[in-house]
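In my numbering, the protein residues as written are 1 to 411. Note that the Cβ used here is the ideal one computed from N, Cα and C, for glycine as well. Structure, as structure tokens:
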């Protein structure tokens with residue numbers, strides 16, 4: 001009996017040592033590069049930092065295995081996810097088309113959007129599209145190229161509030177609540193209604209979707225929903241009381257990471273929890289998730305949409321292009337002082353790959369909606385330096401089998 005107890009104790013001790021080292025690897029890397037992060041580390045609680053670093057090792061058949069390291073990750077502590085919610089909504093829109101199984105209906109099929117009530121708007125043309133007509137594919141493209149809000153709103157309307165949330169819950173993504181568009185002036189009730197859609201080919205109607213109303217509610221119990229000391233209301237009047245985020249979207253950093261992982265490595269998830277996407281869907285996603293705005297011809301973007309515009313890791317220099325050996329497959333969010341990036345980062349030259357997700361909150365004065373946030377002074381440098389430090393560590397990490405990354409090369 002004593003011998004068994006001793007063996008169990010040794011095993012538990014080894015396990016706890018392993019867990020301790022994994023939990024603190026990120027902290028060690030931050031402290032080893034303290035000069036880059038000192039302003040954040042000196043008051044880490046106020047910045048609400050969360051980091052997830054996922055190491056990827058391949059077997060001889062190129063199948064990935066993951067080792068995940070977390071720093072200050074608390075799924076029940078609220079942060080505003082901003083545009084990161086566009087990632088799952090884009091995936092669900094593509095999946096919905098595939099699930100409908102209607103001849104002639106796909107992501108390239110032209111569509112029209114009608115208006116059925118106050119706050120809704122119609123769409124019949126899209127000058128950013130190669131055809132001049134709106135399509136699900138072009139909305140997905142713009143979401144990943146420049147995080148286009150209108151594109152997200154249209155996909156939110158196509159999938160519908162109920163199916164967005166239930167679709168994610170069914171796949172095991174539970175720390176989620178997506179309940180609003182990115183349009184000012186809409187109430188919670190307005191966002192329960194989604195517009196009518198028509199998909200067509202010339203004069204032929206292929207699919208007609210009526211207006212939908214979602215009667216479901218999605219209450220959640222989270223910490224830190226009430227934040228700051230004040231906010232500006234819709235008339236730009238200062239309200240001297242904390243800002244309430246309880247009616248806003250939410251998705252945890254871990255859930256965002258797992259959703260991205262399911263897209264980049266679909267082979268690691270079973271069919272019941274994987275998004276129903278075609279090979280062409282994956283090609284579209286890999287292309288535009290990793291493309292820089294300067295590489296897009298239609299739509300074209302000016303120099304304000306630089307390489308780091310929606311790529312926060314690895315670069316904070318708006319005048320400099322990210323090294324061509326890198327591709328970053330990601331989705332960012334920026335609003336209310338929160339910066340979030342969820343990324344799969346590849347270095348084709350050195351056969352390096354890893355996942356990195358992080359959020360930081362920069363709102364020194366505690367006022368929301370005033371536009372005064374320390375994005376450029378603190379947030380963006382923190383994220384860029386974090387990406388570089390993790391990448392440097394990955395360069396030094398030995399691997400038994402180097403990855404075949406040809407699947408992710410865009411043309």
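Positions of the beta strand (DSSP E) runs, each at least 3 residues long and wholly inside the stretch 161-213, are given as 197-201 and 204-209 in order along the chain. For residue 65, the enclosing beta strand (DSSP E) has its first and last residue at 64-71. Here DSSP, grouped into helix, strand and coil, assigns residue 327 to strand. By alpha-carbon distance to residue 333, the top candidate from 86, 44, 25 and 26 is 86. Here the stretch 264-273 does not lie against the stretch 98-113, with fewer than 3 beta-carbon pairs under 8 Å apart. By the neighbour-count definition (other C-beta atoms within 10 Å, threshold 16), residue 170 is an exposed residue. Closest option to residue 372, judged by alpha-carbon separation, among 337, 357, 162 and 387: 337. Closest in C-alpha terms to residue 168, from the list 49, 33, 364 and 274, comes 274. The DSSP-derived three-state label of residue 32 is helix. Counting only residues of its own chain and dropping the five nearest sequence neighbours on each side, residue 395 has a CB closer than 7 Å to the CB of 350 and 352.
Apart from sequence neighbours up to five positions away, the residues of its chain that approach residue 276 with a beta-carbon distance below 7 Å are 95, 98 and 99, ordered along the chain. Excluding its 5 nearest sequence neighbours in each direction, residue 116 has C-beta neighbours in its own chain below 8 Å: 193, 195, 196 and 211, listed in chain order. The DSSP-derived three-state label of residue 154 is helix.
Taking C-alpha positions only, residue 292 is separated from residue 26 by approximately 28 Å. Within the same chain, Cβ atoms closer than 6 Å to the Cβ of residue 83 are found at 147 and 333, the five residues on either side in sequence being excluded.
Every beta strand (DSSP E) of 3 residues or more that sits fully in the stretch 207-291 is shown, in chain order, as 230-232. Boundaries of the beta strand (DSSP E) around residue 353: 352-361. Residue burial is scored here from C-beta neighbours: residue 262 has at least 16 other C-beta atoms within 10 angstroms and is therefore classed as buried. In the same chain as residue 253, and ignoring 5 residues on each side of it, the C-beta atoms closer than 7 Å to its own belong to 50, 52, 73, 357 and 359, in chain order. By alpha-carbon distance to residue 399, the top candidate from 158, 45, 207 and 62 is 62.
In the three-state scheme derived from DSSP, where H, G and I count as helix and E and B as strand, residue 310 is classed as coil. Counting the other CB atoms within 10 Å of its CB gives residue 324 a total below 16, which places it among the exposed residues.
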